[in-house]
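Colleague:
In our numbering, the protein residues as written are 2 to 594.
As structure tokens, then:
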């Protein structure tokens, strides 16, 4: 680089750096602007009246993430407000949602750069920020509309950390910075509960760079800590009052009823997969479920790789805390930000989800940037000139490959058929992939293809009640009630209040001319206060048939009087995509974290 270019870079390096990071972030994400709604976008956005209709601020602040028809699940009012505004602007078009995601991603990348420049020299900070902006593991957070909450929560946390480190490098915190941090805390929490880790990140930063330990750091930050504790406590009280519990989410089906001790073994078995996603995300999936990933809830030899990785990381952390606090902070950043979805204290709706690695991956980028800082002088001392050229060139090639991978991966989230057909090909042993594809075929009345996919899913994950319900309904709509009835019975044995299963069972009993049993099932549904219209129709049909005939002749006055004659009344044929909330009764739903 000539002296002139060096001088120009030195004078405008921040602008150049921001421009490069923005270019990489946009190149990795703009290909998703043409995507439609997919996966969790359907229940959370398209079918959520809190999004499709504008409400008062108080209504948003006192309602759950899934809306009134989905049961109390998660509390992210500011995210729903953002979705509502985007829906209103685009009149239901997905484009404003995806545009907002791309803009938020670009802003998050710039915020990451600003924080990294506070912790690393300018060159390594830029390299780390570019790597983070291009990382393919971020695609789900950007390409899928509901991933927007990840960026809404991450952006204020990054700004808060940057302001905190800036002030502490110069001296004490100013009142303006304290106010900014508290505002960022509230903003992050009201977009996603993961913002609760911000105080821990601030304490870790203080202990790593300014203190002699965590106790010393806590003492010096007592004023800020009191304000943050009050903010978090207020959030928790409001969340508890609205959701009726702290977790507020349905656990992943594989984690239902699994105690903490067994969950520890499950997550230990997944450690190698997390490391792979951070370091070499060549294979990416829209869902991580058995049998595509190991589910090991008891001690086995297969836990050895994960245990060795954790021991190595712990040893690195101990060494780094004594010798290199930047590396230590990066490791602790990743650990702390992964905490809310680690399934250790509280089971969540995911085993692994790429979107929740959005913020944790910045800790990995920080460690990478520090490694570049330490390695670059060694490269420069190499006698061979080609070495000093080849290493940056190789880095550039890897960066371009990551950008290309991210850009192409965005298209895999185009819509539900694309998401799930891709998932079936990429992860053929993932039961949820086949379950979802079976539901899509069922919604299109392709009963044979739907049954085929659902049978595969059942073979991979046998006995799952929502999967059995999907299969029962497909068989029912294919006029195969004798095969559907045992499945309905199995679902109701596990979930006695499963509304759709109860409606389906009553309808199938009518078709089988078990009129008394059908009448009893309809009465039970009415007694539970469920779908009075559907159960009332079934009850009327059963009672009319009972009154009209006292023989096995099914061609009775009910039919001669013009009653419904189709074996599967159209009113009951309500396609269920992945057993959306409300479909199976109670508050069962597809978990979303």
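Positions of the beta carbon are idealized from the N, C-alpha and C atoms, including for glycine.
So is residue 454 in contact with chain B if we call contact Cβ pairs under 8 Å?
Modeller: Among the chains of the structure shown, chain B does not appear; only one protein chain is present.
Colleague: So what does DSSP say about residue 353, is it helix, strand or coil?
Modeller: strand
Colleague: Helix, strand or coil, according to DSSP, for residue 289 in the structure here?
Modeller: Here residue 289 sits in strand by DSSP.
Colleague: How far does the alpha helix (DSSP H) with residue 275 in it extend, from its first residue to its last?
Modeller: 261-280
Colleague: When the Cα of residue 498 is compared with those of 527, 473, 450, which residue comes out closest?
Modeller: 527
Colleague: For the alpha helix (DSSP H) holding residue 461, just list the boundary residues, first then last.
Modeller: 448-461
Colleague: Spatial neighbours of residue 37 within its chain, please: CB distance less than 7 Å, with the 5 preceding and 5 following residues excluded, ordered by chain position.
Modeller: 95, 415, 416
Colleague: Thinking just about the alpha-carbon of each residue, which of 130, 120, 123, 124 is nearest to the one in residue 109?
Modeller: 130
Colleague: Take residue 328 and list the residues in its own chain whose beta-carbon comes closer than 6 Å to its own, dropping the five residues that flank it on each side.
Modeller: 321, 368, 371
Colleague: Beta-carbon separation of residue 150 and residue 80 under 8 Å?
Modeller: Between residue 150 and residue 80, the C-beta spacing is below 8 Å.
Colleague: Which residue comes first and which comes last in the alpha helix (DSSP H) that contains residue 306?
Modeller: 305-324
Colleague: Assign residue 74 to one of three DSSP states: helix, strand, or coil.
Modeller: Residue state, collapsed to three classes: coil.
Colleague: Going by the beta-carbon positions, is the gap between residue 334 and residue 364 smaller than 8 Å?
Modeller: yes
Colleague: Whole angstroms is fine: what's the gap from residue 256's alpha carbon to residue 525's?
Modeller: Distance between the alpha carbons of residue 256 and residue 525: 30 Å.
Colleague: With distances taken Cα to Cα, identify the nearest neighbour of residue 162 among 323, 139, 198.
Modeller: The residue from 323, 139, 198 with its alpha-carbon nearest to that of residue 162 is 198.
Colleague: Using only alpha-carbon positions, find the residue among 88, 99, 29, 132 that is nearest to residue 373.
Modeller: 132
Colleague: With a cut-off of 8 Å on the beta carbons, I'd call residue 159 and residue 200 a contact; round off their distance for me.
Modeller: At roughly 15 Å, the Cβ-Cβ gap does not stay under 8 Å, so residue 159 and residue 200 are not in contact.
Colleague: Between residue 87 and residue 101, is the Cβ-Cβ spacing less than 8 Å?
Modeller: yes
Colleague: Rounded to a whole number of angstroms, what is the C-alpha to C-alpha distance between residue 64 and residue 17?
Modeller: 44 Å
Colleague: Flag this pair as yes or no: are the beta carbons of residue 135 and residue 404 separated by less than 8 Å?
Modeller: Contact flag set, yes.
Colleague: To the nearest whole angstrom, what separates the beta carbons of residue 140 and residue 27, a pair I think is in contact under 8 Å?
Modeller: Contact flag wrong, Cβ pair sits at about 14 Å.
Colleague: Can you check whether the CB of residue 278 is closer than 8 Å to the CB of residue 355?
Modeller: yes
Colleague: Do the segment 257-264 and the segment 278-294 meet, that is, are 3 or more Cβ pairs less than 8 Å apart?
Modeller: Judged by Cβ distances under 8 Å, the segment 257-264 makes no contact with the segment 278-294, as fewer than three pairs qualify.
Colleague: Taking 8 Å as the cut-off, decide whether the C-beta atoms of residue 478 and residue 504 are in contact.
Modeller: no
Colleague: Suppose you measure from the CA of residue 571 to the CA of residue 428; what does that come to, to the nearest Å?
Modeller: Reliability of the predicted coordinates at residue 571 is poor, the pLDDT of 37 falling under 50, and no value is obtained from them.
Colleague: Closer than 8 Å is the cut-off here; do at least three beta carbon pairs connect the segment 172-187 with the segment 383-399?
Modeller: no
Colleague: State the CB to CB distance for the pair residue 451 and residue 443, rounded to an integer number of angstroms; the pair is presumed to be in contact (CB under 8 Å).
Modeller: 4 Å
Colleague: How would you call residue 530, buried or exposed, if buried means at least 16 neighbouring beta carbons within 10 angstroms?
Modeller: Result: exposed.
Colleague: With a threshold of 6 Å on Cβ separation, who are the neighbours of residue 352 within its own chain once the five nearest residues in sequence on each side are excluded?
Modeller: 253, 289
Colleague: Can you list, in chain order, the residues of its chain whose CB lies under 8 Å from that of residue 314, leaving out five sequence neighbours each side?
Modeller: 332
Colleague: Around the Cβ of residue 383, are there at least 16 other Cβ atoms within 10 angstroms (buried) or fewer (exposed)?
Modeller: exposed
Colleague: If you reduce the DSSP assignment to three classes, tell me which class residue 359 lands in.
Modeller: coil
Colleague: Within 10 Å of its beta-carbon, does residue 380 have 16 or more other beta-carbons around it, so buried, or fewer, so exposed?
Modeller: exposed
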